[in-house]
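With the first letter of the sequence shown counted as 1, position 8 gets the number 8 in the UniProt record's numbering; the numbers rise by one all the way through. Ideal Cβ placement from N, Cα and C applies to all residues, glycine included. Below is one structure, written out as structure tokens; the observations come after it.
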Amino acid sequence: MSNQKQQKPTLTGQRFKTRKRDEKERFDPTQFQESIVQGLNQTGTDLEAVAKFLDSSGAKLDYRRYAETLFDILVA
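This is the structure we're talking about:
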């Protein structure tokens, strides 16, 4: 009997993938604010262009997560 334990073989090259539901996005309201303000500045005072910008950027930006920030931007 030897006192040394034998190492178990390991698989190399395996990568553990996380599920999409487990991945967490960073909460970054300043970046969200900058992108909204930049888009609103580009549209100018045309309300149709503002509505189109907000509608099209809604697919990329998470309005639910940053609702308070969006409200502050639109009211201010």
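For residue j and residue i, the rounded distance between their alpha carbons
{"i": "glutamine 7", "j": "glutamate 25", "result": "38 Å"}
{"i": "proline 29", "j": "isoleucine 73", "result": "11 Å"}
{"i": "alanine 49", "j": "aspartate 62", "result": "20 Å"}
{"i": "lysine 17", "j": "aspartate 55", "result": "33 Å"}
{"i": "glutamate 34", "j": "lysine 5", "result": "58 Å"}
{"i": "valine 75", "j": "aspartate 46", "result": "17 Å"}
{"i": "serine 57", "j": "alanine 51", "result": "10 Å"}
Heavy atom of the ligand PLP within 8 Å of residue i beta-carbon
{"i": "alanine 49", "result": "The model depicted lacks the ligand PLP and carries no ligand whatsoever."}
Within 9 Å, strictly: CB atoms of residue i and residue j
{"i": "phenylalanine 53", "j": "glutamine 42", "result": "yes"}
{"i": "arginine 64", "j": "phenylalanine 27", "result": "no"}
Best match in the options for proximity to residue i [C-alpha to C-alpha]
{"i": "leucine 70", "options": "Lys5, Gly39, Glu48", "result": "Gly39"}
{"i": "alanine 59", "options": "Gln4, Ile36, Lys17", "result": "Ile36"}
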